[in-house]
Amino acid sequence: MARTSSLWSRRERAAVQAVEVRLDPSAAAAYRAWAARAAALPEAPAKLLRFAEWYGAAERAWLDRAAAAEAWAPDEPDPSDREYCRSPAEALGHTRRGDGLVLHLVAADDGGAVLLHARFCRAAPAFRIERRWTEDQRLSWGELVAGYPCKGCGRPVFGSFEHKPTMQRTPEEAALHDAEEAAFLALHPDCRTTRWSYGSTGLTHCSACCPPPPFGPEQSERIARILVEIAESVARRDAELTRRWQATQPGAAPAAAAGEQLGLWPPRRGRGR
Ligand SMILES: [Zn+2]
Ligand SMILES: [Zn+2]
Ligand SMILES: [Zn+2]
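With this note's numbering, the residue at position 20 of the sequence shown is 20, and numbering never jumps.
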């Protein structure tokens, strides 16, 4: 992993990886129950953390311990990091440092104890992607709604296929996804930055090249309708995930165990590093 060496020395890495939290028996039991249910769903574990009551306190304990050991001083958490995770089958929460180094926490269950520790996720751009855009460079809300293309890259804002988690895509959708990825990369071959897309059918845009979409709608029925549709689609997907989560409850009707069948989850036992 030569790319990370300038950001993260061997000594620092060892110090961070030495930080671990042993879950107390009730948290460990809650973890095991959660992991068994998560294995029944195709979603990556990070997407199921909102059902993991045990996780918040465990993550705080890890961060406190890492701070006390002077091993890790994170920036504000950046939830978008998980979209670029290199090990989504094992990653729980992500934590990011000011210089762009991103770690994720993983749980290891050795049968006797459940341990939480950190692994390298990726090196993100070290600079903050807070480029200042003028009002001229950004689309107005009216332009966005009227379907004007992005003023950065010229691609439309809307009009993609509906985004779905990788494992829920049909082969056709997977091909569309690959084509969209290729179209994006063709325009941004060297942009190692975050991306944005608008709503569930947004095309991919680059945070470095493309001004972000406007905030704050003007009052108009059409806009309100679009917002409602977006909110409804988010709520639908949320409700759908909650429903499938509930179906994983022991004794509930069985749901597809795609993650398990593919061997992605649960992560291997033991504490291999
Ligand atoms: Zn990760
Ligand atoms: Zn763009
Ligand atoms: Zn770009």
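Idealized CB from N, CA, C, for every residue including glycine.
Around ligand 2, Cβ to any heavy atom closer than 5 Å, ordered along the chain: 150, 152, 153, 205, 210
Closest residue to residue 198 among 175, 233, 176 (Cα-Cα distance): 233
Whole-angstrom distance between residue 163 and residue 229, CA atom to CA atom: Rounded to whole angstroms, residue 229 to residue 163 spans 15 Å at the Cα level.
Helix, strand or coil for residue 199? Go by DSSP, reduced to three states. The answer is coil: DSSP assigns residue 199 none of H, G, I, E or B.
Tell me whether residue 91 counts as near ligand 1, meaning its Cβ is closer than 6 Å to at least one heavy atom of that ligand. yes
In its own chain, which residues sit with a C-beta less than 6 Å from the C-beta of residue 49, not counting the 5 before and 5 after it? 55
From which residue to which residue does the alpha helix (DSSP H) around residue 143 run? Looking at the DSSP string, the run of the alpha helix (DSSP H) that includes residue 143 is 141-145.
What would DSSP say about residue 188, mapped onto helix, strand or coil? coil
For the beta strand (DSSP E) containing residue 162, name the first residue and the last one. Neither: residue 162 is in no beta strand (DSSP E) and is coded neither H nor E.
Contact test: residue 117 Cβ vs ligand 1 heavy atom, cutoff 6 Å: no
CB residue 72 to CB residue 16, shorter than 7 Å? yes
Give me whichever residues DSSP pairs with residue 102 in a beta bridge. DSSP lists 96, 122 as partners of residue 102.
Buried or exposed for residue 338, going by 16 or more other Cβ atoms inside 10 Å? With the chain covering 1 to 273 only, the question about residue 338 has no answer from this structure.
Three-state secondary structure (DSSP) of residue 107: strand
Near residue 65, which residues of its chain fall below 7 Å by C-beta distance, leaving aside the five closest residues on each side in sequence? 19, 21
Can you check which of these residues, 179, 114, 75, is closest to residue 33 by C-alpha distance? Ranked by Cα distance from residue 33, the first of 179, 114, 75 is 114.
Mind checking residue 62: buried by the 16 CB within 10 Å criterion, or exposed? buried
Tell me which residues share the same chain as residue 58 and place their Cβ nearer than 7 Å to its Cβ, disregarding the 5 neighbours each side in the sequence. The beta carbon of residue 58 sits closer than 7 Å to the beta carbons of 21, 23, 27, 116 from its chain, once the five residues preceding and following it are set aside; these are given in chain order.
In chain order, what residues of the same chain have a beta carbon less than 7 Å from the beta carbon of residue 214, not counting five sequence neighbours either side? Closer than 7 Å at Cβ, skipping near neighbours: 138, 139, 140, 141, 144.
State the CB to CB distance for the pair residue 92 and residue 105, rounded to an integer number of angstroms; the pair is presumed to be in contact (CB under 8 Å). With a Cβ gap of about 5 Å, residue 92 and residue 105 count as contacting.
What residues in its chain sit with their C-beta under 7 Å from that of residue 177, if we drop five residues either side in the sequence? 169
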